[in-house]
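In numbering that gives the first Met the number 0, the protein residues as written are 0 to 137.
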Amino acid sequence: MRNEKCHQELLSYALRIALGGLLLIMGISKFSGGVEAFVNGSIGLFDGTLMPLGVARAYLTVVPLLEVVAGGLLLLGLFTHVAAWVASFMFALFVVGLAATGKPEMYAMMTNNFIFLFASSWLAKLPNGRISLDHVVG
0 MRNEKCHQEL LSYALRIALG GLLLIMGISK FSGGVEAFVN GSIGLFDGTL MPLGVARAYL
60 TVVPLLEVVA GGLLLLGLFT HVAAWVASFM FALFVVGLAA TGKPEMYAMM TNNFIFLFAS
120 SWLAKLPNGR ISLDHVVG
């Protein structure tokens, strides 16, 4: 039992660092290039799809902030379960958005996002480890 808990804590730590780092880097890169440039560069993917362009534009505008906040919280281990569920929701929406384009070249990105969705959902279910601010604050 004790070994299993130790393994779960290590897995939680590894997933937090990997997903948190990924999200933080993705969000910062979108901010550094300019959110408007990111939105304008990505909105064309949804032209001619079932997704309304207004919904796609609103979501694309919020994505960089969500990525930075969720990534930072995961790296710190603060509000880990909430941040992991937010990340899961974002990855699920990425998959839906990429599928909505109907473009075969997006399938590889969909696969990556399925993996991230699985990892973030798993992290949300794992217990908080001792190497986290969640553990320190209670």
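No residue lacks a Cβ here, since even glycine has one placed at the ideal position from N, Cα and C.
- [ ] Mind checking which residues open and close the alpha helix (DSSP H) that includes L9?
- [x] 1 to 32
Open item on the list: Quick check on D133: does DSSP put it in helix, strand or coil?
Closed with: helix
Open item on the list: Here's the rule: buried if 16 or more other CB atoms are within 10 angstroms of the residue's CB, otherwise exposed. What is N2?
Closed with: exposed
TODO: Report buried or exposed for L23, applying the criterion of at least 16 other Cβ atoms within 10 angstroms of its Cβ.
DONE: buried
Task: R15 vs L73 beta-carbon contact at 8 angstroms - done: yes
Open item on the list: By the DSSP assignment, the alpha helix (DSSP H) with G70 in it spans what residues?
Closed with: 52 to 75
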